[in-house]
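Step one of this worksheet: look at the structure below.
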Amino acid sequence: MISVLEKSSTLHWLGRQLFNRDDPAAFFDPLLERINPMWVQQYTPARVTAIYNETADTKTFVLAPAKRWQGFEAGQHVNICIDIDGIRRNRTFSLSSSPIQWRTDGTVTLTIKRLPGGLVTNWMHDHLEPDTVIGLGEAFGDFRVPAPQEPALYIAGGSGITPVLSQLETMAASDYRAPVTLLYFVRTQADVIAAEKLHALAERWPAFTLKVYATSETETPQFLSDLHLDEVPGLPARRCYLCGPKGLMDLANDLLYRRGITEDRIHSTFFSVPAASLDTDTLGGAVHFERSNLDVSSEGDAVLLEIAEAAKLSPRYGCRMGICHQCSCRKTSGTVVNRLTGKASGPGEETIQLCVSVPSGPVSIDI
Amino acid sequence: MKTMNETQLKELEQDLDTIRDQVIADLGERDARYIRRIVRLHRSLEVGGRVLMPFGFIPPVFIAATTALGLSKIIENMEIGHNVMHGQYDWMNDPSLHSQTYEWDTVCTGDSWRRTHNYEHHTYTNIIGKDRDYGYALLRLSDDDKWKPAHSLQFINYVLLSVFFQWGVGLHELESERIRRREISVREKIPFLKDFFRKGGRQAFKDYVFFPLVTFPVAPVVLAGNIGANLIRNLWSSTVIFCGHFTQDAETFSEEECEGESKGHWYLRQLTGSSNFTGGKWMHVLSGHLSYQVEHHIFPDLPAHRYPEISEQVQAVCRKHGIPYNTGTFARQYSTVLKRIIGYSLPDRMRSRLLPEFSSAGAQP
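Here the protein sequences come in this chain order: X and V. As numbered in UniProt numbering, the first sequence has no gaps in its residue numbers, which increase by one up to the final residue, 367. As numbered in UniProt numbering, the second sequence has no gaps in its residue numbers, which increase by one up to the final residue, 365.
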């Protein structure tokens with residue numbers, strides 16, 4: 001009901017006048033949240049309806065988003081937001097369920113592995129309980145099922161299987177006849193995510209071939225090689241999809257390229273482990289200023305305000321000593337170290353003070 | 001001002017930084033819950049006040065509705081808006097509580113406030129000539145300004161400023177005194193004036209046009225209630241703010257003594273240029289914890305509800321360094337503010353005879 005404030009442009013204008021904010025519908029959130037957290041307007045709420053274990057360190061979270069959520073295509077990602085110890089954390093995950101499931105029962109799933117030292121993934125594993133409401137963004141990403149049908153090869157590693165699961169389910173349900181092969185690399189057989197689902201798919205969908213390789217069960221690790229690719233019939237005609245750790249992706253890209261598969265037929269989606277470090281050696285890095293579309297590099301403990309000014313930008317600033325917050329702005333990705341506290345930030349989107357933030361590795365800033 | 005050498009200032013800086021670091025390390029759920037509870041209280045009061053107002057033709061309801069709306073504006077301006085815009089809750093990463101995008105329920109635009117208050121006033125606190133908040137370029141509050149006959153009427157100016165406080169704050173960045181002295185031209189202020197009229201228009205439209213119109217048959221009642229609520233907020237916020245820097249013992253500084261100052265000197269200036277007042281829990285909430293002006297000025301971006309908790313530690317640091325910690329009851333502090341306004345409206349000789357306590361206070365180092 002409240003969302004009408006966002007839909008009608010006259011009411012939206014009026015709401016801005018009355019509530020002094022660009023999202024007037026969210027003005028009532030503090031009250032609505034108390035009545036029913038699914039009525040919150042600031043973000044799209046999604047209720048956790050079930051949680052189940054996939055492997056020892058991977059869980060699947062079933063979410064029921066509010067009605068206004070606009071849906072997704074197989075292989076896309078979403079941002080979720082969760083308040084942890086008072087701080088809102090935004091993270092991106094792939095949806096692991098198919099859009100058909102969302103259309104039939106209104107739920108989507110996220111399949112999430114604990115990252116070593118990962119604040120959000122570990123919190124979700126340890127503290128998130130059914131019936132909690134979290135925030136869900138609209139889906140994005142162009143890692144999508146081939147249309148029209150053509151032979152496909154999927155190479156996935158570890159939890160990189162999640163967007164692939166969504167795509168395979170969608171293809172199976174749409175009577176996909178062209179051959180589809182999945183080469184799935186895991187450390188040990190116990191690390192196979194959604195094993196049941198994958199085997200069920202292989203059984204009921206004739207065009208699908210499933211190959212699971214455990215890399216660390218033999219004495220010499222068994223990584224992706226030409227031997228694996230030799231077993232894929234009609235490889236040159238296939239559209240290729242890669243998702244997994246960087247090492248596997250680089251290797252796959254290289255091998256496919258050498259077999260004459262062109263770049264436009266290889267689709268990759270990345271996921272990375274945050275690697276923040278406090279060594280002074282690691283300070284500095286490539287800085288991307290998004291709104292100005294400018295890239296510069298920095299060295300040592302130069303703060304972002306100075307870096308921006310050296311790049312002829314004029315971000316708003318005040319005291320230049322971390323007091324007045326005139327220069328606060330959004331960091332969209334990357335890690336920065338606070339020069340006053342020596343503390344490193346998280347890797348996701350958050351607010352930072354330019355005058356005391358030193359990049360630690362590549363960062364993107366919304367100025 | 002108390003003089004301290006650089007070693008002592010460095011030690012002061014470290015002592016205060018230690019307090020600050022402790023609070024920052026402890027920020028979390030408790031602070032988030034606090035500010036969200038206050039935001040919820042604000043929404044309840046505003047919704048309650050607006051819904052009750054049309055029934056204000058019943059006198060007790062009128063009083064209840066006007067009080068609720070007045071309190072809602074006070075809480076939104078003082079404990080939410082002012083503090084959020086200082087970046088006290090930026091760490092929560094909640095877009096609704098973000099310092100750079102927050103827009104509050106008053107005439108002054110958030111952007112103008114962030115420039116004149118967060119930057120100018122908090123960086124150059126009580127430096128005569130640089131801190132335009134000292135007397136708001138309207139009142140003579142120290143003998144750095146030479147007395148002129150026009151000053152004798154400044155108490156009337158003070159009352160008018162308090163009554164129309166939100167408009168005064170909204171126009172602060174116009175720097176009308178500099179325009180009058182022809183240091184700047186009106187033309188330079190056109191972008192500011194555009195924003196001022198947009199926001200001022202929005203505020204006036206809401207309280208004086210829209211809500212009276214939608215309750216047409218009782219429009220005069222709603223209009224009167226809304227004017228009353230704005231007046232309550234104006235008088236209270238003006239009073240609280242005047243108690244922050246214009247009490248008897250709050251010191252002022254010259255540009256020369258602050259040139260190239262260290263962080264320690266900045267701390268010392270904040271400690272000696274600000275003043276607290278005591279009171280119950282609600283007094284502090286309604287003042288946005290500016291009753292802890294000293295703590296606020298040394299740590300403007302720590303969540304304000306933490307100031308009472310660290311006050312003891314700050315006082316201990318002051319005692320250790322022999323720095324006065326200016327506090328007193330609300331009545332006492334406010335009476336010295338009134339005395340200062342009246343005292344400096346008089347010619348210097350008459351002032352030193354009638355109010356000797358103000359004969360040497362102020363700019364004297």
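Backbone N, C-alpha and C define an ideal beta-carbon position, used for all residues, glycine too. Please read all numbers here as calculations on a predicted model, not as lab measurements.
Spatial neighbours of residue i in its chain, beta-carbon cut-off 8 Å, leaving aside the 5 residues before and after
i: Ser272/X; result: Any reading at Ser272/X must be qualified, since the residue scores a pLDDT of 49, below 50, and its modelled position is unreliable; no value is offered.
i: Gly322/V; result: Lys2
i: Glu13/V; result: Ser262, Lys263, Gly264 and Tyr267
i: Leu294/X; result: His288, Ala311 and Leu313
i: Leu63/X; result: Ala46, Arg47, Val48, Thr49, Thr107, Val108, Thr109, Leu110, Ile134 and Leu136
i: Cys76/V; result: For the record, residue 76/V in the displayed sequence is Glu; it is not Cys. Answer for Glu76/V: His42, Glu46, Trp104 and Asp105, listed in chain order.
i: His325/X; result: Gly318 and Gln353
Opening and closing residue of the alpha helix (DSSP H) in which residue i lies
i: Phe61/X; result: No alpha helix (DSSP H) holds Phe61/X; the beta strand (DSSP E) holding it covers Thr58 to Pro65.
i: Asn157/V; result: Gln154 to Val163
i: Ile241/V; result: Ala219 to His245
i: Arg351/V; result: Asp348 to Leu354
i: residue 381/X; result: Given that chain X is displayed from residue 1 to residue 367, the structure contains no residue 381/X and the question cannot be resolved.
i: Leu45/V; result: Glu29 to Leu52
i: Arg178/V; result: Ser176 to Arg180
i: Ala331/V; result: Phe330 to Gly343
i: Asp105/X; result: Pro99 to Asp105
i: residue 367/V; result: Only positions 1 to 365 of chain V appear in this structure, which leaves residue 367/V out of reach.
i: Val108/X; result: Note, Val108/X: premise wrong, no alpha helix (DSSP H); beta strand (DSSP E) at Val108 to Lys113.
i: Ile155/X; result: Note, Ile155/X: premise wrong, no alpha helix (DSSP H); beta strand (DSSP E) at Ala152 to Gly157.
i: Gln270/V; result: Lys263 to Gly273
Contact set for residue i: own chain, Cβ-Cβ below 6 Å, skip 5 residues either direction
i: Val296/X; result: Val287 and Ala311
i: Pro303/V; result: Asp31 and Gln88
i: Gln313/V; result: Ile19
i: Pro274/X; result: For Pro274/X, the predicted structure reports a pLDDT of 34, less than 50, and the residue's modelled location is therefore unreliable. A value from the coordinates is still provided. Here the set comprises Pro347.
i: Ser262/V; result: Leu9
Neighbouring residues, chain X, relative to residue i (Cβ below 7 Å)
i: Val39/V; result: Pro30
i: Met92/V; result: Gly86, Ile87 and Arg88
Cutoff 7 Å; reference residue i; Cβ partners in own chain excluding five residues on either side
i: Pro146/X; result: Ala152 and Arg239
i: Leu71/V; result: Leu45
i: Ser96/X; result: Thr60, Thr109, Leu110, Thr111, Thr162, Leu165 and Ser166
i: Arg291/X; result: Asp366 and Ile367
i: Lys146/V; result: none
Per DSSP, the bridge partner or partners of residue i
i: Asp301/V; result: BP columns for Asp301/V are empty, so no partner.
i: Ala286/X; result: Ser297/X
i: Cys108/V; result: None, per the DSSP bridge assignment.
i: Asp83/X; result: Arg88/X
i: Ala316/V; result: Note: Ala316/V sits in no beta bridge, so no partner.
i: His86/V; result: His86/V pairs with nothing; no bridge assigned.
Neighbour list for residue i in chain X, Cβ cutoff strictly below 9 Å
i: Val309/V; result: Here the sequence assigns Glu to residue 309/V, which means Val is not the residue at that position. Within 9 Å Cβ-Cβ: nothing; Glu309/V doesn't reach chain X, min ~16 Å.
i: Arg114/V; result: Arg316, Gly318, Cys324, His325 and Gln326
First and last residue of the uninterrupted beta strand (DSSP E) at residue i
i: Thr181/X; result: Val180 to Val186
i: Pro359/X; result: Ser357 to Ile365
i: Gly244/X; result: Arg239 to Gly244
i: Tyr213/X; result: Phe208 to Ala214
i: Gln353/X; result: Glu350 to Gln353
i: Phe93/X; result: Ile87 to Ser94
i: Pro45/X; result: Thr44 to Thr55
i: Ser328/X; result: Ser328 to Asn338
i: Ile134/X; result: Val133 to Leu136
Where residue i meets chain V, residues with beta-carbon distance less than 7 Å
i: Cys319/X; result: Tyr119 and Thr123
i: Asn36/X; result: Near Asn36/X there are no residues of chain V at all, since even the closest Cβ is about 15 Å away, more than 7 Å.
i: His325/X; result: His86, Gly87, Asp90, Ser99, Asn118 and Asp301
i: Thr351/X; result: Asp90, Asn93 and His98
Neighbour list for residue i in chain V, Cβ cutoff strictly below 8 Å
i: Leu18/X; result: Lys206 and Phe210
i: Ala26/X; result: Ser96
i: Thr341/X; result: Asp21 and Ile24
Proximal chain X residues relative to residue i, where beta-carbon distance stays under 8 Å
i: Asp26/V; result: None at all; the shortest Cβ gap to chain X is about 11 Å.
i: Asp31/V; result: Gly86
i: Lys263/V; result: Met321
Partners in chain V for residue i, counting only beta-carbon separations shorter than 9 Å
i: Arg21/X; result: Ser96, Thr101, Tyr102 and Glu103
- Any contact of the segment 129-143 of chain V with the segment 236-255 of chain V, i.e. 3+ C-beta pairs under 8 Å? yes
- Message: Could you check whether the segment 353-360 of chain X touches the segment 319-332 of chain X, counting it as contact only if at least three pairs of C-beta atoms, one from each stretch, sit closer than 8 Å?
- Response: yes
- Message: Count Cβ pairs between the segment 124-138 of chain X and the segment 217-235 of chain X that sit closer than 8 Å; are there 3 or more?
- Response: no
- Message: Using a Cβ distance threshold of 8 Å, determine whether the segment 331-342 of chain V contacts the segment 103-122 of chain V, with at least three qualifying pairs required.
- Response: no
- Task: May I ask you to verify whether the segment 45-60 of chain X touches the segment 111-128 of chain X, counting CB pairs closer than 8 Å and requiring at least 3?
- Result: yes
- Query: Okay, do the segment 253-265 of chain X and the segment 189-203 of chain X touch, 3+ Cβ pairs below 8 Å being the bar?
  - Reply: no
- Validate contact between the segment 78-89 of chain X and the segment 169-181 of chain X using beta carbons, cut 8 Å, 3 pairs: no
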